[in-house]
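Peer 1: Just so we're aligned, residue 1 is where the sequence shown starts under full-length UniProt numbering, counting upward by one.
Glycine residues also receive a C-beta, built at the ideal position from the N, C-alpha and C atoms.
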Amino acid sequence: MTVVTGPPGVGKTALALHAAHRLRHIFTDGTLFTDLRGAGTAPRDPGDVLNSLLRSLGVPGRTIPADLADRSALYRSILADRAVLLLLDNAATSAQVRSLLPGGGPSAALVTSRAQLTGLVGATRLDLLPMSELEATALFAATAGHGRVAGDDTAVADVITNCGRLPLAVRIAGAKLASRPAWSVRHLADRLADKHRRMDELHVEDLDVRASLMLSYRGLGPAAAQAFRLLALLDYPASSLHTAAALLNVPASDAEQLLDQLLDAHLATNPAPDRYGFHDLLRSFAKEQALREDSADVRRRSLTRAVRASLTGLAGQVPHPRPDAVPQGTGRTAESSRAEQTGEAVPDVEQDNLIAAIMLVTSTPELDAALAAELLELLQRPLVLSGRWDDLSRCAAAVEQVTEGWAQATAQRVRARIAIHRGERATACRLLSITLEQARATGDRPGEVSSLILLGTLHGRSGDHDAAVTTLEQAIALGRTANVPVQMTMAHNYAGEQYLHLNRPDTALHHLRTGLSLARDNNDEDLTAMALYLLGTAHSRLGDHNTALIHHHDALHLAQTRGSAHSEAIARLHLGRTLRAAGRLDEADRALAIAVEGFRAHGDHHSAAQALAAAESLN
Numbered sequence: 001m002t003v004v005t006g007p008p009g010v011g012k013t014a015l016a017l018h019a020a021h022r023l024r025h026i027f028t029d030g031t032l033f034t035d036l037r038g039a040g041t042a043p044r045d046p047g048d049v050l051n052s053l054l055r056s057l058g059v060p061g062r063t064i065p066a067d068l069a070d071r072s073a074l075y076r077s078i079l080a081d082r083a084v085l086l087l088l089d090n091a092a093t094s095a096q097v098r099s100l101l102p103g104g105g106p107s108a109a110l111v112t113s114r115a116q117l118t119g120l121v122g123a124t125r126l127d128l129l130p131m132s133e134l135e136a137t138a139l140f141a142a143t144a145g146h147g148r149v150a151g152d153d154t155a156v157a158d159v160i161t162n163c164g165r166l167p168l169a170v171r172i173a174g175a176k177l178a179s180r181p182a183w184s185v186r187h188l189a190d191r192l193a194d195k196h197r198r199m200d201e202l203h204v205e206d207l208d209v210r211a212s213l214m215l216s217y218r219g220l221g222p223a224a225a226q227a228f229r230l231l232a233l234l235d236y237p238a239s240s241l242h243t244a245a246a247l248l249n250v251p252a253s254d255a256e257q258l259l260d261q262l263l264d265a266h267l268a269t270n271p272a273p274d275r276y277g278f279h280d281l282l283r284s285f286a287k288e289q290a291l292r293e294d295s296a297d298v299r300r301r302s303l304t305r306a307v308r309a310s311l312t313g314l315a316g317q318v319p320h321p322r323p324d325a326v327p328q329g330t331g332r333t334a335e336s337s338r339a340e341q342t343g344e345a346v347p348d349v350e351q352d353n354l355i356a357a358i359m360l361v362t363s364t365p366e367l368d369a370a371l372a373a374e375l376l377e378l379l380q381r382p383l384v385l386s387g388r389w390d391d392l393s394r395c396a397a398a399v400e401q402v403t404e405g406w407a408q409a410t411a412q413r414v415r416a417r418i419a420i421h422r423g424e425r426a427t428a429c430r431l432l433s434i435t436l437e438q439a440r441a442t443g444d445r446p447g448e449v450s451s452l453i454l455l456g457t458l459h460g461r462s463g464d465h466d467a468a469v470t471t472l473e474q475a476i477a478l479g480r481t482a483n484v485p486v487q488m489t490m491a492h493n494y495a496g497e498q499y500l501h502l503n504r505p506d507t508a509l510h511h512l513r514t515g516l517s518l519a520r521d522n523n524d525e526d527l528t529a530m531a532l533y534l535l536g537t538a539h540s541r542l543g544d545h546n547t548a549l550i551h552h553h554d555a556l557h558l559a560q561t562r563g564s565a566h567s568e569a570i571a572r573l574h575l576g577r578t579l580r581a582a583g584r585l586d587e588a589d590r591a592l593a594i595a596v597e598g599f600r601a602h603g604d605h606h607s608a609a610q611a612l613a614a615a616e617s618l619n
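Put into structure tokens, the structure is as follows:
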């Protein structure tokens with residue numbers, strides 16, 4: 001027995017029919033095909049199916065037993081000496097299938113189902129996934145006509161993507177293009193790109209993606225159906241179980257049971273343990289149902305709970321620049337610190353979810369836009385450490401457009417940070433002038449300190465180190481009267497760095513030791529690494545190369561443990577300079593060469609130029 005499972009429209013029946021045709025020479029007594037109608041709300045009764053199968057095998061209707069067990073026994077006895085392939089399509093459950101299976105002998109069963117049918121012990125299983133891009137492209141071209149699709153590979157790729165690479169959808173798209181001589185592939189791709197009308201587009205004659213998905217959807221219970229709808233609205237690439245539970249307002253164990261029902265029905269994906277998502281068409285269909293069946297208030301409250309859960313989780317992993325804003329019980333725990341030390345504080349998949357959360361909030365008027373600003377304020381450091389400047393810029397622009405007050409100023413400070421990174425001094429100055437004025441007018445001390453730190457950084461990047469230390473000392477003085485440990489740590493570290501540029505290593509040591517102490521007190525691994533490599537440089541300037549190298553290696557080890565390629569490149573830059581000062585030129589050359597590559601990979605051309613200059617000075 002072979003069981004073929006997969007989501008609606010993935011081609012289970014087509015594959016089974018193709019296999020049956022290829023196996024005709026083995027099953028010489030023929031193939032029996034029966035639709036068990038398991039995708040709908042009224043699956044066929046096994047007794048009725050056996051009645052039909054027995055008639056197909058030549059048993060007179062009047063001699064067919066009334067009892068299910070007797071019918072099954074007669075059926076198996078007939079098949080015992082025959083080589084028949086039974087194609088049981090669209091099975092609902094394992095129980096529906098069991099009495100239809102042949103016993104021993106040369107006959108075999110090929111079962112298709114949208115459900116997992118895990119109760120069919122011993123079956124050979126094949127779980128179909130959407131087609132590869134190459135396969136989907138070939139199917140689209142064969143359906144639409146190779147001449148119609150030639151020469152516009154980008155538009156073809158867009159069509160395939162918007163069809164979710166599901167064979168049914170690809171066939172429909174190809175058939176629609178073939179029947180519309182005036183359409184170009186780009187015109188079809190643009191129509192499919194509209195998520196609000198995509199399901200309407202994927203319908204031609206009796207082929208209908210929506211109808212196919214609806215059969216599976218109607219087989220869900222009310223709670224699982226709502227989970228399907230609301231999880232799709234969240235728009236996260238791969239939602240965590242924690243977030244899903246908050247969205248549905250149920251305990252995690254209950255949420256897991258509901259999500260397991262979606263997985264069993266192939267109406268959700270499970271890309272990793274405790275992660276749940278959708279193929280594109282499933283998401284489009286589920287959103288469509290949510291807009292029809294869930295009130296605006298239900299949607300708003302559900303999405304708000306989910307986004308707040310994401311914010312709470314992020315606040316437990318990333319140092320919060322506004323400690324008073326951290327929800328109770330979500331501070332950085334020893335467990336979260338251990339996660340950071342293994343480089344797992346905010347993994348890529350969660351960064352993707354948080355970016356999606358920001359874009360969802362800023363594009364949904366019913367949601368509180370300030371939530372997006374809070375997410376942005378916390379997410380900026382993980383995105384910077386990952387080199388995701390373009391994503392950070394997109395999020396900041398979205399937040400700035402829909403907020404005001406401190407939330408808008410938060411987005412403008414992030415934009416200023418990006419401008420500093422890109423060397424856009426005028427833009428950074430303009431934005432920081434706006435945010436400083438706003439913070440002072442409203443008494444936003446954390447915002448004012450953050451703006452001053454960025455302004456000091458900008459002065460330093462521009463080579464005006466005197467202005468930089470003056471501004472950073474202002475930030476430190478102001479920060480002493482506010483509960484802003486993250487900003488204070490950054491201000492002391494950056495001040496130490498600027499004093500090094502002014503060749504005042506003793507003053508730099510004072511600030512850097514304070515910064516290191518604050519960073520360690522707050523379990524802030526990133527700022528700890530920064531303080532360490534700057535301390536190493538300060539000791540090197542004072543001629544204590546041994547102590548300097550200890551600090552540099554500690555910083556490098558911490559950056560590597562954290563998995564931060566950019567921090568590692570900075571640590572190697574400082575290490576290379578100290579090795580050069582200590583006369584270990586070959587080691588210095590290797591460290592600086594690695595630093596240059598790290599900066600380039602991160603898009604930090606300013607630091608790459610510094611590392612190149614340091615390397616060239618060795619020659």
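DSSP has S240 in a bridge; who is on the other side?
Peer 2: R275
Peer 1: Helix, strand or coil for P8, going by three-state DSSP, please let me know.
Peer 2: coil
Peer 1: Just tell me which of R562, N523, R572 and G563 has its CA closest to the CA of G536.
Peer 2: R572
Peer 1: If you run the structure through DSSP and keep just helix, strand and coil, what is S113?
Peer 2: strand
Peer 1: Assign E293 to one of two classes, buried (16 or more other C-beta atoms within 10 Å of its C-beta) or exposed (fewer than that).
Peer 2: Around the beta-carbon of E293, fewer than 16 other beta-carbon atoms lie within 10 Å, marking it exposed.
Peer 1: Pull the bridge partners of V469 from the DSSP assignment, please.
Peer 2: Paired residues: none, contrary to the question.
Peer 1: Return the bridge partner residues of V3 from the DSSP annotation.
Peer 2: Answer is V111 and R125, bridged to V3.
Peer 1: Please report the Cβ distance between G174 and A144, rounded to the nearest whole angstrom; I am assuming they are in contact, meaning their Cβ atoms lie under 8 Å.
Peer 2: 4 Å
Peer 1: Using a Cβ-Cβ cut-off of 6 Å (strictly less than) and excluding sequence neighbours within five positions of G11, which residues of its own chain qualify?
Peer 2: P167
Peer 1: Span of the alpha helix (DSSP H) holding A441?
Peer 2: R425 to T442
Peer 1: Rounding to the nearest angstrom, what Cα-Cα distance links L579 and A356 in this structure?
Peer 2: 44 Å
Peer 1: Am I right that L379 and L354 are in contact with their C-beta atoms under 8 Å? What's the rounded C-beta distance?
Peer 2: Confirmed, about 5 Å.
Peer 1: What's the C-alpha gap between I550 and R541?
Peer 2: 14 Å
Peer 1: Would you decide whether H18 is buried or exposed? Buried here means 16 or more other CB atoms lie within 10 Å of its CB.
Peer 2: exposed
Peer 1: Taking the beta strand (DSSP E) that T31 belongs to, which residues open and close that run?
Peer 2: T31 to D35
Peer 1: Please report the Cβ distance between L53 and L32, rounded to the nearest whole angstrom; I am assuming they are in contact, meaning their Cβ atoms lie under 8 Å.
Peer 2: With a Cβ gap of about 6 Å, L53 and L32 count as contacting.
Peer 1: Looking at the structure shown, is N90 part of a helix, part of a strand, or coil, going by DSSP?
Peer 2: strand
Peer 1: Using beta-carbon positions only, say whether A139 and V170 come within less than 8 Å of one another.
Peer 2: Position check: residue 139 holds Leu in this sequence, whereas Ala was assumed. Yes; because the gap between Cβ atoms is below 8 Å, this pair is in contact.
Peer 1: Between the alpha carbons of Q317 and Q401, how many angstroms are there, rounded?
Peer 2: 27 Å
Peer 1: In chain order, what residues of the same chain have a beta carbon less than 7 Å from the beta carbon of residue 632, not counting five sequence neighbours either side?
Peer 2: With the chain running from 1 to 619 in the structure shown, residue 632 is simply not present.
Peer 1: Using DSSP with H/G/I as helix, E/B as strand and the rest coil, what is V402?
Peer 2: helix
Peer 1: Span of the alpha helix (DSSP H) holding N523?
Peer 2: N523 -> no alpha helix (DSSP H), and no H or E assigned at all.
Peer 1: Here's the rule: buried if 16 or more other CB atoms are within 10 angstroms of the residue's CB, otherwise exposed. What is N522?
Peer 2: In the assembly as shown, N522 is a buried residue. Its beta-carbon has 16 or more other beta-carbons within 10 Å.
Peer 1: Return the CA-CA distance between Y217 and A189, expressed in angstroms with no decimal places.
Peer 2: Using only the alpha carbons, I get a separation of about 27 Å.
Peer 1: Expressed to the nearest angstrom, what Euclidean distance is found between the alpha-carbon atoms of G105 and T28?
Peer 2: 13 Å
Peer 1: Buried or exposed for V121, going by 16 or more other Cβ atoms inside 10 Å?
Peer 2: With a threshold of 16 other beta carbon atoms within 10 Å, V121 falls short and is exposed.
Peer 1: Please determine if the stretch 592-600 and the stretch 550-561 are in contact, where contact requires at least 3 C-beta pairs separated by less than 8 Å.
Peer 2: no
Peer 1: Can you tell which of T93, L86, V49 and L15 has the C-alpha that lies nearest to the C-alpha of G38?
Peer 2: T93
Peer 1: Return the chain-ordered list of same chain residues with a C-beta closer than 6 Å to the C-beta of P65, the five sequence neighbours on each side being excluded.
Peer 2: R71
Peer 1: Between N90 and D35, is the Cβ-Cβ spacing less than 8 Å?
Peer 2: A contact, by the Cβ cut-off of 8 Å.
Peer 1: For L376, which residues from the same chain have a beta carbon less than 7 Å from its beta carbon, with the 5 sequence-adjacent residues on both sides left out?
Peer 2: I358, C395, A396, V399, T410, A411 and V414
Peer 1: On the CB-based measure, 16 or more other CB atoms within 10 Å of its CB, does S253 come out buried or exposed?
Peer 2: exposed
Peer 1: Applying the criterion that 16 or more other CB atoms from any shown protein chain within 10 Å of the CB defines a buried residue, is T88 buried or exposed?
Peer 2: The sequence given here places Leu at residue 88; Thr does not occur at that position. Under this definition L88 is a buried residue.
Peer 1: Whole angstroms is fine: what's the gap from R180's alpha carbon to V204's?
Peer 2: 12 Å
Peer 1: Among E404, G405, R445 and G456, which has the Cα closest to the Cα of A428?
Peer 2: G456
Peer 1: Tell me the DSSP secondary structure of L166 in three-state form.
Peer 2: coil
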